[in-house]
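Heads up: the sequence shown begins at 503 in the numbering used here, then just goes up one per residue.
Remarks on the structure that follows.
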Amino acid sequence: MTTIDIMSLYPKDMNIYGDSGNVLTVTRRLALYGYEPRVTAYNQGDDWPDHVDMILGGGGQDTGQKKIIDDFFRRADLLRTLAADGVPMLMICGMYQLFGEYFETVDGTRLDGIGVIGAYTVGQNVRMIGNLVEHSDDFGDVIGYENHSGQTFLRDGVRPLGRVDADGCGNNGEDHTEGARVHNVIGTYMHGSLLPKNPAIADFLIRTAVERRYGAFEPERHQSAAQREAMERLNAIAERARRVAASRPR
Ligand code: GLN
503 MTTIDIMSLY
513 PKDMNIYGDS
523 GNVLTVTRRL
533 ALYGYEPRVT
543 AYNQGDDWPD
553 HVDMILGGGG
563 QDTGQKKIID
573 DFFRRADLLR
583 TLAADGVPML
593 MICGMYQLFG
603 EYFETVDGTR
613 LDGIGVIGAY
623 TVGQNVRMIG
633 NLVEHSDDFG
643 DVIGYENHSG
653 QTFLRDGVRP
663 LGRVDADGCG
673 NNGEDHTEGA
683 RVHNVIGTYM
693 HGSLLPKNPA
703 IADFLIRTAV
713 ERRYGAFEPE
723 RHQSAAQREA
733 MERLNAIAER
743 ARRVAASRPR
């Protein structure tokens with residue numbers, strides 16, 4: 503069986519605005535490509551599984567971030583090594599901030615991040631909220647929903663995931679960047695959930711995970727005709743969801 507091991511990182515404390523939908527999307531798409539997805543939830547104090555092919559982390563309030571931070575640092579070296587090895591990861595909002603260098607919250611608390619992404623975040627009183635379309639070189643238009651108070655600034659040379667138009671805030675409301683991409687790690691403020699409406703990103707994570715583990719991504723060798731048709735239907739629904747979401751005013 504061609505199994506792919508997906509880790510859902512801190513789903514108890516870091517999972518808002520539908521972020522768990524990202525796990526459901528990669529699970530469903532992997533199954534329709536004819537692979538066997540196996541999901542492990544990793545929460546504070548849990549044992550780390552023997553093998554991980556992909557890691558998905560969600561957003562959370564500042565309080566959730568404070569709750570997980572000690573455990574997160576116990577896993578920091580491991581996460582840095584996996585990121586450097588090319589394990590695909592998607593980190594939304596609160597986890598994106600903690601994959602950066604630090605997050606200074608609005609009450610002045612400084613939470614160190616694990617520094618996988620060259621970026622830092624500073625909390626402010628104004629929240630940045632709204633539907634969002636960003637333009638990404640790697641993935642075309644990425645469609646989602648942002649809701650954060652932290653302003654994230656990328657260090658020189660760090661590649662944003664995309665650029666937002668004047669009506670979106672993105673990383674900080676100032677420089678029109680949104681998210682970051684470092685090797686196969688994607689950080690972004692996009693909730694929504696993100697992946698149901700952005701199959702290009704879901705398939706990047708899937709392809710990368712499968713190629714790392716099995717050498718090649720060959721859905722045509724694994725997929726039944728029924729699975730192929732189901733995937734076409736799923737993609738048609740995603741396309742419709744993209745159109746509707748993109749047409750919604752901010
Ligand atoms: N607490 C962080 C902020 O507001 C993250 C919020 C989130 O994950 N949606 O900036």
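By construction, the Cβ of each residue, glycine as well, lies at the ideal position given by its N, Cα and C atoms.
Note that the coordinates shown come from a computational prediction; the quantities given were computed from them, not determined experimentally.
Check	Outcome
Pairwise C-alpha distance: Asp669 and Val628	16 Å
For Ile739 and Val684, believed in contact at Cβ under 8 Å, the rounded distance	In fact, because the Cβ distance is near 31 Å, the residues do not count as touching under 8 Å.
Distance between Val624 and Ala732 (C-alpha atoms, nearest Å)	44 Å
Any alpha helix (DSSP H) of 4 or more consecutive residues that is wholly inside the region 566 to 598	578 to 586
Identity of the residues DSSP links to Val684 by a beta bridge	Val687
Neighbourhood of Asp507 by C-beta distance below 6 Å, restricted to the same chain and skipping five residues each side	Arg540, His553, Val554 and Asp555
Paired residues, beta bridge with Ile649 - DSSP	Residue 649 is actually Asn in this sequence, not Ile. In DSSP, Asn649 forms a bridge with Ile631.
Buried versus exposed, by CB contacts within 10 Å (16 or more), Ser638	buried
Three-way DSSP call (helix, strand, coil) for Phe601 in this model	helix
Residue range of the unbroken alpha helix (DSSP H) whose run includes Leu532	Ser522 to Leu534
Cβ separation of Ile594 and His693, assumed to be a contact under 8 Å, to the nearest whole Å	6 Å
Stretch-stretch touch, CB-based, cutoff 8 Å, three pairs: the region 706 to 720 with the region 583 to 599	yes
Stretch-stretch touch, CB-based, cutoff 8 Å, three pairs: the region 523 to 534 with the region 562 to 574	no
Under the three-state DSSP convention, the category Leu663 falls into	coil
Pick from Arg752, Arg744, Arg745 and Glu722 that is closest to Tyr537, judged by C-alpha positions	Glu722
Asp669 beta carbon near the ligand GLN (any heavy atom closer than 8 Å)	no
Endpoints, beta strand (DSSP E) assigned at Met509	Thr505 to Leu511
Sub-9 Å separation of Leu707 and Leu511 beta-carbons	no
Test item: CB-CB of Gly492 and Gly596 under 9 Å	Given a span of 503 to 752 for the chain in the structure shown, any question on residue 492 remains unanswerable.
Entirely enclosed alpha helix (DSSP H) segments - the region 671 to 733, minimum 4 residues	696 to 699, 701 to 716 and 721 to 724
Heavy atom of the ligand GLN within 8 Å of Ser564 beta-carbon	As written in the sequence, residue 564 is Asp, which differs from the Ser given in the question. Because some heavy atom of the ligand GLN lies under 8 Å away, the Cβ of Asp564 counts as near it: yes.
Simplified DSSP state of Ala621, which is helix, strand or coil	strand
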